[in-house]
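Numbering (the numbering used here), first residue to last: 1072 to 1745.
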Amino acid sequence: MARKKKVAPEQGLSLIEAACEAYEAQKLGELLFVTPKRYEDLSHVEESGSLRTAIGRKVVLRVRVTKAPVETSALPRRFRVGLTDGRFDLELEEFGSIQNHPLGRLRVGDERLLYGELMDRGVFLLTGAKDVTNDERIVMPVYRGIRGRVSSGQFAEIMGAAIGDVDAAVEKVKNAFPAQSEEALLEVVERGAMARFESLREVFYELHRPTSLARAESARLAAKTLNLYEVMEKARIAHCRAECPDSVIDIPGQFVADLSRMLPFPLTEGQKTVIREIWRDLKSPFPMRRVLSGEVGSGKSTPMGLLAAATHLIGKRVMLLFPNSLLASQVSSDIVKWFPQVKLRMVTAEEKPPIEEVRAENPILAGTTALLAYAEKHGLGCDLVLVDEQQKMSTAQREALSGPATNYLEATATCLPRTAALIAYGGLSCSILREQPVKKQITSHLVEPSQANAMLRMVRKAVSAKGKVAVVMPAVEPGKGVETADARERVRLERRSVTTAVEVFERAFPGRVVSMHGRMKAKDKQRALERIKGDDADVVLATSLIEVGITVPRLFVVVVMDPQNMGLSTLHQIRGRLVRDGGRGMFFLYPTVPLSEEARRRLKVLETCSDGFELAEADLKARGFGDLGAESEDQSGTGAVLFRGLDVFPDDVERMLGEKQTTEQSELFERRVA
């Protein structure tokens, strides 16, 4: 084995602790659930004299040292070593000092196997090299580091120790599937990975100490299969809810019909279907766990508001949870306007009703996450919790109001294909709302640099027609969170921020511009919203706050700056703010930098596709679900599944579903979630 820099025992212990803390590993062996980001093939040694064909690749070279390490005068500090492969001369270049680098100890005449990237810089240059002379492995796993705490190389050393505690990892897999034997799990793995493993221990060994690249890939597929199987098991368990008669909310059907006639507009067929589905769930002795996935503008707040009112009016306690005070105020205002007999009180950071009044009158409580603390402080139970735009909150926040007998409904304007519902909701029943209550004609355009003036003319035309315009910006303050040494780039980034853009648009529309963003105080946001909803302003400059359910009457034009940084589903939700009462609207995607071909192709989809479910499916197929076992780029936080670092795509889920189609579990999922 090549010599490695030794770590002092106390330092090594701190590195292991840092790794275990980052991945919430209770035992060292549980780090084996962190999968390598890639593997490097050490099995092929380049033949002498074949360097020209290896340029630009990572290669293993058999070399002899011809010149001792010498530090260069260039910064940052680096050193070079003269080498030959027997036919061509080359140089090894590495960053750092000779004293502190393992390859700084090379001496003239030494013969080594070195693994690194070969480049042509006038001379053959080998960089990023490792000495693999005595390494018996023919495949080397490469791991992500932990930012600011553990380097990639240090993490690899830790994993070398973790493999000695492989039984802890095997035990955790078995605990995740208590009803399954190891033999049954290996059968699942064999179907998913199309490869046979003799034991779960072998899966971990081939994942972290693979005998070949093919076996490493099979082990990754095995780990992904176990992840998907765990997701499906969670879906099955979620549907096996215990019966709880106290959860029953028995609303007379005629009462629901009477309330629907009080609405100032007719229900769509889709809204009627959703109301029936939720109504049946509430009458069941099993607490409701349902998600309402609605196309943008499909009126999902109507079934929510109607059933909240019905539940409240028969004496049950209802709570409505929203991601921001603007949306809470907007939906609450609609409910009270539709059903004047309803008592409703807001609970936000700035507004809290006296608890004596709440206990006496039992109003609907609607608010932001402040409602969670309010309910906990006063010990308020709840019969029906309705959570709007749930993707803006953590799971713990959403479920804090739910007791054993609580009925729970999540609503989202993110359209959910069947596979997305499985991943995101782990077994919740799903209601779909597609139909639009009003007719809209929205045209979408990806704006080329030569078309910017034409876009601005459309903005002026909309304002002249007494319409409203929204410009969605990617930043809040000039330069906030932006680190760049390029002054011109910094200026460009600052120009697109909300606070700077206000000044620009104020010159074009003096006194008629307002701004909205997440850092504003609730009362300031409410004041800005009232101005743009009324006759006091024509243009609103906002962050993607406007995406989260905010309605602006007569919004004819939306311009999104630098849309390449957003997902298709997010852009579609922003587009959904247009012409909420029906009519014609224009949606402009305005990048301020040249687009890659991939980004251009992705954004062009919006010009031809207006169906949110199709867009969500396209986005998923292009970008996948990502790593189901991580919440952030550095893999930290509580994971949703066993193995970290594995991207999952819709086809993976479909394959798993297809393979288990005859089992009771798959049939249950297909029936309840599809």
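For each residue, glycine too, the CB sits at the ideal point set by N, CA and C.
It should be emphasised that the depicted structure is a prediction, and the values quoted were computed from it without experimental measurement.
Pairwise C-alpha distance: residue j and residue i
i     : j     : result
F1336 : E1601 : 24 Å
L1154 : V1136 : 5 Å
K1245 : R1267 : 18 Å
G1365 : L1297 : 31 Å
T1641 : D1454 : 32 Å
E1481 : I1169 : 60 Å
Q1342 : E1261 : 44 Å
E1432 : A1379 : 16 Å
S1502 : V1719 : 24 Å
E1519 : L1177 : 56 Å
R1672 : M1303 : 33 Å
V1631 : V1509 : 24 Å
A1484 : P1316 : 32 Å
H1754 : F1658 : A question about residue 1754 goes unanswered here, because the residues of the chain that appear run from 1072 up to 1745.
L1257 : R1272 : 11 Å
V1210 : L1113 : 6 Å
L1686 : V1724 : 18 Å
V1458 : R1192 : 60 Å
W1350 : S1223 : 53 Å
L1122 : Y1186 : 13 Å
M1529 : I1645 : 18 Å
Residues near residue i in its chain [Cβ-Cβ closer than 8 Å; skip 5 each side]
i     : result
L1666 : Q1635, L1674
R1312 : F1357, P1358, R1360
G1120 : D1156, G1157, R1158, F1159
A1441 : V1418, T1419, A1420, K1423
V1534 : V1540, F1580, R1583, D1609, V1610
S1707 : Residue confidence is low: S1707 scores 29 on pLDDT, short of 50, so the model does not pin down where it sits. Its coordinate-derived value is still stated next. Taken in chain order, the residues that qualify are A1093, Y1094, I1217, A1701.
S1400 : M1417, Q1597
D1116 : At residue 1116 the sequence reads Val, which differs from the Asp that was named. Around V1116: V1131, L1132, R1133, L1184.
P1147 : F1166
Proximal residues to residue i (C-beta, below 6 Å), its chain only, five neighbours per side dropped
i     : result
G1647 : V1367, G1368
M1727 : L1299
L1660 : L1517, V1631, P1634, L1674
E1182 : R1135
H1172 : E1165
L1334 : W1409
Residue i burial status per 10 Å Cβ neighbour count (16 or more: buried)
i     : result
D1607 : exposed
Q1055 : Residue coverage of the chain in this structure runs from 1072 to 1745, which leaves residue 1055 outside it and unanswerable.
H1588 : buried
G1656 : buried
F1410 : buried
D1352 : buried
G1127 : exposed
S1289 : buried
R1679 : The sequence given here has Thr at residue 1679, not Arg. When all chains shown are included, T1679 counts as exposed.
K1448 : exposed
D1722 : exposed
L1527 : exposed
A1558 : With a pLDDT of 46 at A1558, under the threshold of 50, the modelled position of that residue is not reliable, and the figure given next carries that caveat. Classification for A1558: exposed.
E1277 : buried
S1270 : exposed
P1662 : buried
Beta-carbon spacing of residue i, residue j below 8 Å
i     : j     : result
D1202 : L1174 : yes
F1627 : V1650 : yes
G1638 : D1690 : yes
T1614 : M1544 : yes
L1197 : V1131 : no
K1129 : E1207 : no
M1375 : L1472 : no
A1247 : L1713 : yes
K1371 : R1215 : no
T1106 : R1715 : yes
G1683 : H1643 : yes
R1294 : G1100 : Residue identity check: residue 1294 is Ala in the sequence provided, not Arg. Result no, Cβ atoms of A1294 and G1100 do not sit closer than 8 Å.
Y1110 : A1287 : yes
I1346 : L1392 : no
R1625 : K1511 : no
A1264 : L1103 : no
Own chain, CB closer than 7 Å to residue i, minus 5 neighbours either side, in chain order
i     : result
L1415 : S1403, I1406, V1407, P1434, I1435, A1437
V1259 : T1296, Y1300
V1141 : F1150, R1151
I1087 : L1099, I1229
Near the ligand HEM: residue i beta-carbon under 7 Å from a heavy atom
i     : result
V1259 : For the ligand HEM, the structure offers nothing, since it holds no ligand at all.
*Touching by the beta-carbon criterion (3+ pairs, under 8 Å), the segment 1394 to 1404 and the segment 1591 to 1601*: yes
*Count the CB pairs spanning the segment 1084 to 1095 and the segment 1224 to 1236 that are closer than 8 Å, and state whether there are at least three.*
With three or more CB-CB distances shorter than 8 Å, the segment 1084 to 1095 counts as touching the segment 1224 to 1236.
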